[in-house]
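Read the structure below first, then the notes.
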Amino acid sequence: MVPAEETYPDVFRFAVFSSSSKGTGSMRRGGAVLALLLSSLGTSAGVSGQMAICTTPHRPECPATLARLPEDEFTFSRLMFADNQRAIDNLGDHIGYPHWQADCSESEPHFIAALKRLTNIDTNDDSQSISLFDERVFDYPMLYVVEAGFASFTRTEIDRLREYLLRGGFLLVDDFHGDYQWSQFENWMSKVFPDRPIVDLPPDHEIFDVHFRIEDFVQIPGLRALCLNPGETWELPIRKSMEVGESNTSRQLPKWRGVLDDEGRVMVVINWNMDLGDAWEHADMEEYRAQYTATAYRLGVNYLIYGMTH
-15 MVPAEETYPD
-5 VFRFAVFSSS
5 SKGTGSMRRG
15 GAVLALLLSS
25 LGTSAGVSGQ
35 MAICTTPHRP
45 ECPATLARLP
55 EDEFTFSRLM
65 FADNQRAIDN
75 LGDHIGYPHW
85 QADCSESEPH
95 FIAALKRLTN
105 IDTNDDSQSI
115 SLFDERVFDY
125 PMLYVVEAGF
135 ASFTRTEIDR
145 LREYLLRGGF
155 LLVDDFHGDY
165 QWSQFENWMS
175 KVFPDRPIVD
185 LPPDHEIFDV
195 HFRIEDFVQI
205 PGLRALCLNP
215 GETWELPIRK
225 SMEVGESNTS
235 RQLPKWRGVL
245 DDEGRVMVVI
255 NWNMDLGDAW
265 EHADMEEYRA
275 QYTATAYRLG
285 VNYLIYGMTH
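Structure follows, in structure tokens:
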């Protein structure tokens, strides 16, 4: 296996934060957390960090479904879906590529590097994209889905996702914002589990203490928040939010929610009004605060370890 520092030479800088951790290796409860921060990736010479981070995003290049997976390594898998065109039109969110692809070019490689540095999990250097039409989806313990408010699933996909989750799979939902996108997500999730409510996850839930102890429940902003709403941490611009009847409070508040099985296991963890993927992707940007990046990496690691051990 290639060490993370060889895969990403000269890009690691570490900062010590006060949150305690537990886990394997040298990380123990009561000790300081080494939070992974990535520096000097993709910032052109002579271009300020703020200009670089607010540059129009390029079309992401997402990895294809791998033909064969390493039998003894975890492979990060992003869930593919068809766009809900009505939702896109209502919010005017025409980005020029499928919404499931958001941030994949850099967020996954950065997070994989973090897994290699912060855990003892044997992790595949390559990530992949997978569709619910593909029966191999049952081979993957965790699926990551972004822009869930723009997703559209067929009955076949809905049924397969339900089976996947009830058989022990874990779904990490990220990067969707505001009441309108929530309603779209809630609509398709209620088809997956019409008899299971979406519940708030309390700060003392095991998922926030399984490896890192999460104490700083800060809202993790997306790129739009930094560039279009300076000084704020919610992503949807007021202009677009008010057009679809957003309330002033729900647009601003982060929520950690979940869907549980009969034994209380979190099958679906939901990060609403947050964007972990942007924090992973832009950890190298000086203007993206280390507080957000550190929390995003801790949460991601916790979610993965919880999903693989429950």
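Residue numbering for the sequence shown follows this note's numbering, starting at -15 and increasing by one per position. All residues carry an ideal CB built from backbone N, CA and C; glycine is no exception.
Name, in chain order, the residues that DSSP records as bridge partners for residue i.
i, result
"L102", "Note: L102 sits in no beta bridge, so no partner."
"L128", "Checking the displayed sequence, the identity of residue 128 turns out to be Tyr instead of Leu. Beta-bridge pairing links Y128 to R62, L156."
"Q275", "None, per the DSSP bridge assignment."
"S136", "A66"
"D184", "R241"
"T107", "F58"
Do you know how far the Cα of residue j is from the Cα of residue i?
i, j, result
"P125", "G291", "7 Å"
"R101", "R241", "28 Å"
"Q165", "A267", "26 Å"
"R148", "N171", "Strictly speaking, residue 148 in this sequence is Tyr, with Arg absent from that position. Rounded to whole angstroms, Y148 to N171 spans 19 Å at the Cα level."
"R282", "T59", "18 Å"
"I105", "L99", "7 Å"
"V194", "H294", "11 Å"
"L150", "D246", "10 Å"
"I96", "F201", "23 Å"
"F169", "R273", "29 Å"
"T140", "V250", "23 Å"
"I114", "F122", "11 Å"
"L207", "G153", "29 Å"
"I117", "S61", "Reading off the sequence shown, one finds Phe at residue 117, where the question assumed Ile. Whole-angstrom Cα-Cα distance: 14 Å."
"S136", "A66", "5 Å"
"E131", "Q275", "23 Å"
"Q112", "D56", "16 Å"
"T138", "L127", "18 Å"
"L237", "N255", "11 Å"
"T103", "G248", "26 Å"
"R120", "D110", "17 Å"
"K239", "E92", "23 Å"
"F196", "H189", "12 Å"
"I222", "M258", "For I222, the predicted model reports a pLDDT of 42, less than 50, meaning its position is unreliable and no value from the coordinates is stated."
Which residues mark the beginning and the end of the beta strand (DSSP E) in which residue i is found?
i, result
"I254", "250 to 256"
"G242", "239 to 244"
"I142", "I142 -> not in any beta strand (DSSP E); alpha helix (DSSP H) instead, spanning 139 to 150."
"Q112", "112 to 114"
By Cβ distance below 7 Å, which residues in the same chain neighbour residue i in space, the five residues on each side in sequence not counted?
i, result
"F177", "R146, V243"
"A280", "I204, L260, A263, W264"
"K175", "I142"
"H94", "L22, W264, E265, A267"
"S10", "Here the model assigns S10 a pLDDT of 32, short of 50, so the residue's position is not dependable, and the following value carries that caveat. So the list is empty, once near-sequence residues are dropped."
If you follow the alpha helix (DSSP H) that residue i is part of, which residue opens it and which one closes it?
i, result
"I168", "Before going further, note that residue 168 is Gln rather than Ile in the sequence given. From DSSP, the alpha helix (DSSP H) with Q168 extends over 162 to 176."
"D262", "260 to 265"
Apart from the five residues on each side of it in sequence, which residues of its chain come closer than 6 Å, Cβ to Cβ, to residue i?
i, result
"E90", "E265"
"V253", "L156, G242, Y287"
"R144", "L116"
"G133", "F160, Q165, Q168, F169"
"N108", "P54, E57, T59"
"V129", "L63, V157"
"R180", "V243"
"M173", "none"
Please list, in chain order, all residues of the same chain as residue i whose beta carbon is under 8 Å from its beta carbon, the five residues on each side excluded.
i, result
"I198", "S3, P187, F192, T279, R282, L283, N286"
Are the C-beta atoms of residue i and some chain C residue less than 7 Å apart?
i, result
"S113", "This model lacks chain C altogether, as it is built from one protein chain only."
Taking 8 Å as the cut-off, does the region 170 to 186 touch the region 268 to 288 (at least 3 CB pairs, one atom from each stretch)? no
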